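Asker: One structure is given below, represented as structure tokens, and several questions about it will come after.
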């Protein structure tokens, strides 16, 4: 059963309230743990003081071990609670973001500004990337590769077969939308490039950096160090004197060893530092993708290169555990004690080397799989949040037909929909109309929904059937002082790009909004007319929005190859009303004179001539 948008919003708001309560409870537990650590420290000081006062020096060694063990247990519990808190906060972000997006249209994920390209065939004109764009509205990716995959899917049309596979995959992921929230939370609040840094380190740096850990003697010594430390502490506690001196000399040797290899250990640790919580969270999200029996061919393809001997989630969790242990060195006091008596950094580096031999290749492939899921989840969330969307039918033959087509970036309560279709053969559809009546928005509505359709995503229409088109647009033409390009020169460059595309592409579709604005009206009309004739000659479908009514007269010469549509205004008691509805035929009513009159520029033609 498909939920209403109000019901979806209510669910998100309830989830926000649940996460806020959970965060409060975890913070309370963490405060209690902090008090426990303080209490343990005070008790230890008292015990040592009493022991020294009464002369029970042999107890000092035992009292040195007990607090360390207790401290480790408390730290472990605190770490678990901190991870729980971190995850709850990320879940809160996910749900709050969906609430804000539904209520305000603002998305806290990256808006894809670095993918903007004014020379792209349609991206700039159709608001695909950047502020208030389709990308900004859809994106739920937080890794570099995930964001790039999403940008690529909107950058050019996929093949019909791939579109159908992606539609099936998006529908399947929508059915599991609750789990996708946890998937997103596992990747949230971390730098987008962090996974790529880990992947690069594993693939290109780790083999050389870990070579020092493969020395047999070093491995043997690291393995027996804990037993030597425990033995000397026990003997020192029992017999004192010589054994305490031996412990001091032994500790000095370990310090020298750590100092000698410190540069190599720092290189191994760099790039991993602080990533344990990210890897631990990813392990849980990946586990969900492994356990679910996927039906869609497209998602099954994500796992073709991953072996099933050891699940990727288990491999990631193991790495997370090693990094978490390695990060003990970040605490100067604890790190020093652990390295002096346990050679902790060496133990972690050796464990990392063993893990690397068995699991690194799979993790590198798995990181890309995570990004593939991110990209697809972006579309699944879009599909879930907008229940009025439908998946288009992809036609093999030339076709475009849309019922109740609307712009996906316009709020549903403000969106005006139109029904429109192509003929069985390519035509140039000339759309005339007054200022602000809706011509430009209609062209962008048709174009942006095609972009969605060609990425495998749902579209903002009650019904849509479309064949593959390679879209070429001419809408926002800007001059450039840096490139010493005038508006007219920029227009010519864009027209050249379109004409080259019409010649070279297999299925071009041209969307033009008011051509040749940078020249005089006569040249503008003649240039527009010749351009339309070229589209007719090359059998290229085109939507051509213009204020020039003369162009609509071309239907007389090119019947069946040119069609006229318009957007008009309704005048009532001097007031203008726009219905933004596409109508057949050329426009008869314009509003420029009325708009000029409103700002004090009313005129009389006779007075102008005088």
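Numbering (the numbering used here), first residue to last: 4 to 613. The beta carbon of each residue, even a glycine, is placed where N, CA and C say it ideally should be. This structure is a prediction, so every number in the text was calculated from the model and none was measured.
Rounded to the nearest angstrom, what separates residue 23 and residue 493 at their Cα positions?
Answerer: The residue given as residue 23 occupies position 20 in the chain shown. The residue given as residue 493 occupies position 490 in the chain shown. About 53 Å.
Asker: What do you get for residue 400, buried or exposed, if any count of 16 or more other CB atoms within 10 angstroms of its CB means buried?
Answerer: Locating residue 400 in the chain shown gives position 397, counting from the first residue. Flag for residue 400 reads exposed.
Asker: Closest to residue 513 by CA distance: which of 385, 49, 541 is it?
Answerer: If you number the chain shown from 1, residue 513 lands on position 510. It is 541 whose Cα lies nearest to the Cα of residue 513.
Asker: Note down the Cα distance separating residue 102 from residue 408, rounded to an integer number of angstroms.
Answerer: Counting from 1 along the chain shown, the entry for residue 102 is found at position 99. Counting from 1 along the chain shown, the entry for residue 408 is found at position 405. If you take the alpha carbons of residue 102 and residue 408, they lie about 25 Å apart.
Asker: Please name the residue or residues paired with residue 432 in a DSSP beta bridge.
Answerer: Counting from 1 along the chain shown, the entry for residue 432 is found at position 429. According to DSSP, which records beta bridges pairwise, residue 432 is partnered with 546, 566.
Asker: For residue 142 and residue 110, which I take to be in contact (beta-carbon distance under 8 Å), what is that distance rounded to the nearest angstrom?
Answerer: Numbered from 1 along the chain shown, position 139 holds the residue referred to as residue 142. Numbered from 1 along the chain shown, position 107 holds the residue referred to as residue 110. That pair is a contact at about 7 Å.
Asker: Going by CA-CA distance only, name the one from 278, 176, 428, 115 that's closest to residue 134.
Answerer: For the purposes of this step, residue 134 is identified with residue 131 of the chain shown, where counting begins at 1. When only C-alpha atoms are compared, the closest one is 115.
Asker: Kindly indicate which residue of 44, 91, 87, 172 has the alpha-carbon position closest to the one of residue 72.
Answerer: Working through the chain shown from its first residue, we reach residue 72 at position 69. Cα-wise, what sits closest to residue 72 is 44.
Asker: Is the separation between the beta-carbon of residue 81 and that of residue 26 shorter than 7 Å?
Answerer: Locating residue 81 in the chain shown gives position 78, where the first residue counts as 1. Locating residue 26 in the chain shown gives position 23, where the first residue counts as 1. No, Cβ-Cβ distance for residue 81 and residue 26 is not below 7 Å.
Asker: Distance check for residue 354 and residue 405, CA to CA, integer angstroms please.
Answerer: Counting from one through the chain shown, the residue named residue 405 turns up at place 402. Counting from one through the chain shown, the residue named residue 354 turns up at place 351. Going by the C-alpha atoms only, they are around 59 Å apart.
Asker: Could you tell me which of 566, 251, 506 sits nearest to residue 425, measuring between CA atoms?
Answerer: Working through the chain shown from its first residue, we reach residue 425 at position 422. If we check each option's Cα against that of residue 425, 566 comes out closest.
Asker: Measure the CB-CB distance between residue 348 and residue 216 and report whether it falls below 7 Å.
Answerer: Taking the first residue of the chain shown as 1, we reach residue 348 at position 345. Taking the first residue of the chain shown as 1, we reach residue 216 at position 213. Against a cut-off of 7 Å, the Cβ pair of residue 216 and residue 348 comes out as no contact.
Asker: Looking only at C-alpha atoms, which of 241, 29, 569, 478 sits nearest to residue 588?
Answerer: Your numbering for residue 588 matches position 585 in the chain shown. Of the listed residues, the one whose Cα sits closest to residue 588 is 569.
Asker: Could you say if the region 323-331 and the region 162-170 meet the contact criterion of at least three C-beta pairs nearer than 8 Å?
Answerer: As far as the Cβ criterion goes, the region 323-331 does not touch the region 162-170, which means the pair count is below three.
Asker: When the distance is taken between beta carbons, is residue 144 closer than 7 Å to residue 377?
Answerer: As a working note, residue 377 is residue 374 in the chain shown. As a working note, residue 144 is residue 141 in the chain shown. Yes, they are a contact pair.
Asker: Do you know offhand how far residue 257's Cα is from residue 230's?
Answerer: Residue numbering aside, residue 257 sits at position 254 when the chain shown is read from its first letter. Residue numbering aside, residue 230 sits at position 227 when the chain shown is read from its first letter. Whole-angstrom Cα-Cα distance: 14 Å.
Asker: Mapping DSSP to helix, strand and coil, what is residue 341?
Answerer: Here residue 341 corresponds to residue number 338 of the chain shown, with the count starting at 1. Reduced to three states, the DSSP call for residue 341 is helix.
Asker: Can you tell me where the alpha helix (DSSP H) holding residue 283 begins and where it ends?
Answerer: For the purposes of this step, residue 283 is identified with residue 280 of the chain shown, where counting begins at 1. First-last of the alpha helix (DSSP H) with residue 283: 279-294.
Asker: In its own chain, which residues sit with a C-beta less than 8 Å from the C-beta of residue 9, not counting the 5 before and 5 after it?
Answerer: To locate residue 9, count along the chain shown from 1; it is residue 6. Nothing listed; no residue qualifies.
Asker: Does DSSP put residue 573 in a helix, a strand or coil?
Answerer: Position 570 of the chain shown, counting from 1, holds the residue named residue 573. Strand, per DSSP.
Asker: Can you list the alpha helix (DSSP H) stretches of 4 or more residues lying completely in the region 226-258, in chain order?
Answerer: Taking only runs of at least 4 residues, no alpha helix (DSSP H) segment lies wholly in the region 226-258.
Asker: Classify residue 404 as helix, strand or coil using the three-state DSSP reduction.
Answerer: Residue mapping note: residue 404 aligns to position 401 of the chain shown, counting from 1. In the structure shown, residue 404 sits in a strand (DSSP, three-state: E or B).
Asker: What separation, rounded to the nearest whole angstrom, lies between the Cα atoms of residue 251 and residue 77?
Answerer: Mapped onto the chain shown, residue 251 falls at position 248. Mapped onto the chain shown, residue 77 falls at position 74. Those two C-alpha atoms are separated by around 28 Å.
Asker: Judging by CA-CA distance, which residue of 359, 456, 344, 284 is the nearest neighbour of residue 320?
Answerer: As a position in the chain shown, residue 320 is number 317, starting the count at 1. Ranking 359, 456, 344, 284 by Cα distance to residue 320 puts 284 first.
Asker: If you follow the beta strand (DSSP E) that residue 200 is in, where does it begin and where does it stop?
Answerer: Along the chain shown, one-based indexing puts residue 200 at 197. Residue 200 -> not in any beta strand (DSSP E); alpha helix (DSSP H) instead, spanning 197-203.
Asker: Tell me whether residue 614 sits in a helix, a strand or coil according to DSSP, three-state version.
Answerer: The structure shown has nothing for residue 614, since the chain only spans 4 to 613.
Asker: On a CA-only basis, which of 446, 441, 557, 501 is nearest residue 3? Give me that one, please.
Answerer: It is not possible to answer for residue 3, since the shown part of the chain is limited to 4 through 613.
Asker: Helix, strand or coil for residue 14? Go by DSSP, reduced to three states.
Answerer: As a working mapping, residue 14 is identified with position 11 in the chain shown. Residue state, collapsed to three classes: helix.
Asker: Leaving out five residues before and five after residue 487 in sequence, what residues of the same chain have Cβ atoms less than 6 Å from its Cβ?
Answerer: For this step, residue 487 is matched to residue 484 along the chain shown. Residue placement at residue 487 is poorly supported in this model, since its pLDDT is 48, which falls under 50; the coordinates are not used for a value here.
Asker: Grab me the residues of residue 393's own chain with a C-beta within less than 8 Å of its C-beta, minus the 5 sequence neighbours each way, in chain order.
Answerer: Sequence index remark: in the chain shown, residue 393 carries index 390 (1-based). If we look at residue 393 and ignore the five residues flanking it on each side, its Cβ neighbours are 461, 462, 464, 465, 466, 467.
Asker: What is the rounded straight-line gap between the Cα of residue 288 and the Cα of residue 198?
Answerer: Walking along the chain shown from the start, residue 288 turns up at place 285. Walking along the chain shown from the start, residue 198 turns up at place 195. For residue 288 and residue 198, the distance between alpha carbons rounds to 14 Å.
Asker: Counting along the chain, where does the beta strand (DSSP E) carrying residue 162 start and finish?
Answerer: Counted from its first residue, the chain shown places residue 162 at position 159. Note, residue 162: premise wrong, no beta strand (DSSP E); not H, not E.
Asker: When DSSP labels each residue in this structure, what does residue 299 get in the three-state scheme?
Answerer: Against the chain shown, residue 299 aligns to sequence position 296. Reduced to three states, the DSSP call for residue 299 is coil.
Asker: Distance check for residue 395 and residue 456, CA to CA, integer angstroms please.
Answerer: Position 453 of the chain shown holds residue 456. Position 392 of the chain shown holds residue 395. Near 6 Å, if we compare the C-alpha coordinates of residue 395 and residue 456.
Asker: Rounded C-beta distance between residue 154 and residue 122? I'm assuming under 8 Å.
Answerer: In the chain shown, counting from the first residue as 1, residue 154 sits at position 151. In the chain shown, counting from the first residue as 1, residue 122 sits at position 119. No, residue 154 and residue 122 are not in contact; Cβ-Cβ is about 15 Å, not under 8 Å.
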